[in-house]
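Below is one structure, written out as structure tokens; the observations come after it.
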Amino acid sequence: MKKKIAILGSTGSIGKSTIEIIKKDKKNFDVILLTTHKNLKEITKQVKLFKVNNIIITDKKSFDLFKSKNKNKNLNLFNDYNSLNKIIKKKLDYTMSAITGLAGLDPTIKLISKTKSIAIANKESIICAWNLIDKKLKENKTKFIPVDSEHFSIWSLIGKNKSDNIKKIHITASGGPFLNYKLHQFKQIKIKDALKHPNWVMGKKITIDSATMMNKVFEVIETNRLFRVDYKKISILTHDKSYLHAIVEFNFGLIKFLVHEADMKIPIFNSIYDSKKSINNLKNLSLNFINNLNLKKVDNRKFPVIKILKNYPKQNSLFDTVLVSLNDALVDLFLRNKISYLEIGKNLIKFCKMNEFQKYKKITPKSTDEIYDLSKYVSLKVQSKCI
Ligand code: NDP
Ligand code: MG
Numbered sequence: 002m003k004k005k006i007a008i009l010g011s012t013g014s015i016g017k018s019t020i021e022i023i024k025k026d027k028k029n030f031d032v033i034l035l036t037t038h039k040n041l042k043e044i045t046k047q048v049k050l051f052k053v054n055n056i057i058i059t060d061k062k063s064f065d066l067f068k069s070k071n072k073n074k075n076l077n078l079f080n081d082y083n084s085l086n087k088i089i090k091k092k093l094d095y096t097m098s099a100i101t102g103l104a105g106l107d108p109t110i111k112l113i114s115k116t117k118s119i120a121i122a123n124k125e126s127i128i129c130a131w132n133l134i135d136k137k138l139k140e141n142k143t144k145f146i147p148v149d150s151e152h153f154s155i156w157s158l159i160g161k162n163k164s165d166n167i168k169k170i171h172i173t174a175s176g177g178p179f180l181n182y183k184l185h186q187f188k189q190i191k192i193k194d195a196l197k198h199p200n201w202v203m204g205k206k207i208t209i210d211s212a213t214m215m216n217k218v219f220e221v222i223e224t225n226r227l228f229r230v231d232y233k234k235i236s237i238l239t240h241d242k243s244y245l246h247a248i249v250e251f252n253f254g255l256i257k258f259l260v261h262e263a264d265m266k267i268p269i270f271n272s273i274y275d276s277k278k279s280i281n282n283l284k285n286l287s288l289n290f291i292n293n294l295n296l297k298k299v300d301n302r303k304f305p306v307i308k309i310l311k312n313y314p315k316q317n318s319l320f321d322t323v324l325v326s327l328n329d330a331l332v333d334l335f336l337r338n339k340i341s342y343l344e345i346g347k348n349l350i351k352f353c354k355m356n357e358f359q360k361y362k363k364i365t366p367k368s369t370d371e372i373y374d375l376s377k378y379v380s381l382k383v384q385s386k387c388i
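Mapped onto our numbering, the consecutive letters of the sequence shown carry residue numbers 2 to 388.
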């Protein structure tokens, strides 16, 4: 039987890696749904390759253009996620959630009841709405696999152990392009420097987050949510090769760590095949990397956003949405050349401390609408204060 699958954000970095994997095993997959925002060139290729019938294109102009170009083809085209009931009549086997930012939240929640397993790369959803996602997963008995490489590693290392058995979790950070910069050099950072990640090829937004280390702040919160581990037990270690992804210390004396090549296709592959299939042409264990892990504590002076984790709420609250949206808006302003690199972190720390935002630490998100409304408000606030 062919595996029925959906890829949310199929034209992005994670989406394309997922496509690359299943392309090699085409006969075993039936791609039921692909989504993009506006990358018509890529989605056209993917639709043709897998003979996909259901396509969601969220950008209105791109949707109209695609529709007019494909008038004579028998395709089900949609401009939003409201028609999922029509598209998916029988449960899918696997869904990859790889839309970037909070735009991924609504479709992720909607797909949970329509798929037997869901691999979630979209960390913003996990951070802002884990309580809603977890509830849906339980209600629908849907299997969940984290795709972020550190969390995939932790998840694999923990296996059937309980979180009570965890003494400490260390996640690694490549340190991005500025790990070895001297403090005085940070003032001169330009957009193109921040977009040059030494180890990973990723979407623009997460690449900037890796440069500022905000990506690790998010990943620590993600670790707290997914594995119910207190922040005191989570540490970040820099490791410039991105070969080791996580270390879990158990309170029964074992310390386990997981290494793999810096290639997101490895966690994605294992999320699809449940570690029951071999990958061709794998590289051997790199003794050079293993002997030079070079793990170090993070220098907070170079990456001040790490301080945000001090006194961060233990439970999922609307403050998570504030943090994600503040960062989103500031990264967007940086990429549009409206603020400098250093202003991303400075503003983030300043805005986080504002009473107007602090009050959300006490409020648990009840719906995706509430999250989206707050996110819009935070974005407008950032725009009005920064430009
Ligand atoms: P990309 O920017 O490369 O791709 C994002 C995908 O989402 C594209 O298909 C894009 O469409 C679509 N998209 C963008 N905006 C919207 C919108 N408003 N509505 C609907 N769809 C939209 O991102 P990545 O693949 O790098 O990352 C995806 C997610 O995975 C992120 O949450 C990221 O944090 C997480 N992640 C990524 C890793 C990586 O290695 N890339 C590693 C770990 C986690 P279009 O092509 O038209 O822009
Ligand atoms: Mg990661």
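The beta-carbon is built from N, C-alpha and C at its ideal position, and this holds for glycine as well.
- [ ] Could you check how far apart the C-beta atoms of residue 11 and residue 45 are, in whole angstroms? I think they sit under 8 Å.
- [x] Not confirmed; about 12 Å, so no contact.
Task: Pairwise C-alpha distance: residue 385 and residue 273 - done: A direct Cα-Cα distance of roughly 43 Å separates residue 273 from residue 385.
- [ ] List in chain order: all unbroken alpha helix (DSSP H) runs of 4+ residues lying wholly within the region 324–378.
- [x] Counting only runs of 4 or more, we get 342–353, 356–359.
TODO: Output yes or no for whether 8 Å exceeds the beta carbon distance between residue 122 and residue 99.
DONE: Cβ atoms of residue 122 and residue 99: closer than 8 Å.
Open item on the list: Here's a check: name, in chain order, each residue in its chain whose Cβ is nearer than 6 Å to the Cβ of residue 118, leaving out the five neighbours to either side.
Closed with: In the same chain as residue 118, and ignoring 5 residues on each side of it, the C-beta atoms closer than 6 Å to its own belong to 95, 144, in chain order.
Open item on the list: Once DSSP output is grouped into helix, strand and coil, what is the label at residue 250?
Closed with: In the structure shown, residue 250 falls within a strand segment according to DSSP collapsed to helix, strand and coil.
Open item on the list: For a quick check, are the C-beta atoms of residue 55 and residue 29 less than 8 Å apart?
Closed with: Their beta carbons are not under 8 Å apart, which means residue 55 does not touch residue 29 by this criterion.
TODO: Could you tell me which residues DSSP puts in a beta bridge with residue 260?
DONE: Within the DSSP bridge table, the entry for residue 260 names 245 as partners.
Open item on the list: Let me check one thing: in DSSP terms, what residues is residue 239 bridge-paired to?
Closed with: The partner list for residue 239 (beta bridge, DSSP) reads 174, 297.
Open item on the list: Rounded to the nearest angstrom, what separates residue 201 and residue 212 at their Cα positions?
Closed with: If I take the Cα positions, the gap works out to 12 Å.
- [ ] Could you have a look at residue 59 and say whether DSSP puts it in helix, strand or coil?
- [x] Correct three-state label for residue 59: coil.
Open item on the list: For the beta strand (DSSP E) containing residue 95, name the first residue and the last one.
Closed with: 93–98 is the span of the beta strand (DSSP E), which, as asked, contains residue 95.
Open item on the list: Here's the rule I'm using: 16 or more other beta-carbon atoms within 10 Å means buried, otherwise exposed. How should residue 365 be labelled?
Closed with: Classification for residue 365: exposed.
- [ ] Use the C-beta contact count for residue 253: other C-beta atoms within 10 angstroms, 16 or more gives buried, fewer gives exposed.
- [x] Exposed, since its Cβ has fewer than 16 Cβ neighbours within 10 Å.
Task: Cross-strand partners of residue 147 (DSSP beta bridge) - done: Answer is 121.
Open item on the list: Can you determine whether any heavy atom of the ligand MG sits closer than 7 Å to the C-beta of residue 220, and answer yes or no?
Closed with: Checking every heavy atom of the ligand MG against the Cβ of residue 220, one is found closer than 7 Å.
Open item on the list: Given 7 Å as the limit, tell me if residue 297 has its C-beta closer than that to any heavy atom belonging to the ligand NDP.
Closed with: For the ligand NDP, not one heavy atom lies less than 7 Å from the Cβ of residue 297.
Open item on the list: Taking 7 Å as the cut-off, is the C-beta of residue 151 nearer than that to any heavy atom in the ligand MG?
Closed with: The answer is yes for residue 151.
Open item on the list: Below 8 Å on the Cβ atoms is my contact criterion, and I expect residue 15 with residue 269 to pass it. Report the Cβ-Cβ distance as a whole number of Å.
Closed with: Contact between residue 15 and residue 269 holds, since their C-beta atoms are separated by about 7 Å, short of 8 Å.
Task: Range covered by the beta strand (DSSP E) that runs through residue 32 - done: Counted as a single uninterrupted DSSP element, the beta strand (DSSP E) harbouring residue 32 occupies residues 30–37.
TODO: Taking only the alpha-carbon atoms, compute the straight-line gap between residue 225 and residue 321 and give it to the nearest angstrom.
DONE: Near 12 Å, if we compare the C-alpha coordinates of residue 321 and residue 225.
- [ ] Would you kindly report the start and end of the unbroken beta strand (DSSP E) that includes residue 179?
- [x] It is not in any beta strand (DSSP E) - residue 179 carries neither H nor E in the DSSP assignment.
Open item on the list: the ligand NDP and residue 128: does the residue's C-beta get closer than 7 Å to at least one heavy atom of that ligand?
Closed with: For the ligand NDP, not one heavy atom lies less than 7 Å from the Cβ of residue 128.
Task: Start-to-end residues for the alpha helix (DSSP H) that takes in residue 195 - done: Taken as a continuous stretch (DSSP letters only), the alpha helix (DSSP H) holding residue 195 covers 192–195.
Open item on the list: Please state the DSSP three-state secondary structure of residue 77.
Closed with: When DSSP states are grouped into helix, strand and coil, residue 77 belongs to the strand group.
Task: residue 14 Cβ short of 7 Å to the ligand NDP heavy atom set - done: At a threshold of 7 Å, residue 14 counts as near the ligand NDP, since its beta carbon sits closer than that to one of the ligand's heavy atoms.
TODO: Tell me whether residue 1 sits in a helix, a strand or coil according to DSSP, three-state version.
DONE: Any answer about residue 1 is impossible in this case: the structure gives the chain only from 2 up to 388.
- [ ] Assuming residue 334 and residue 387 form a contact by the criterion Cβ under 8 Å, report the distance between their Cβ atoms to the nearest whole angstrom.
- [x] Taking C-beta atoms under 8 Å as the contact rule, residue 334 and residue 387 qualify, at a distance of about 6 Å.
Open item on the list: One question on the structure: do residue 310 and residue 158 come within less than 8 Å of each other, judged by their Cβ atoms?
Closed with: Cβ atoms of residue 310 and residue 158: not closer than 8 Å.
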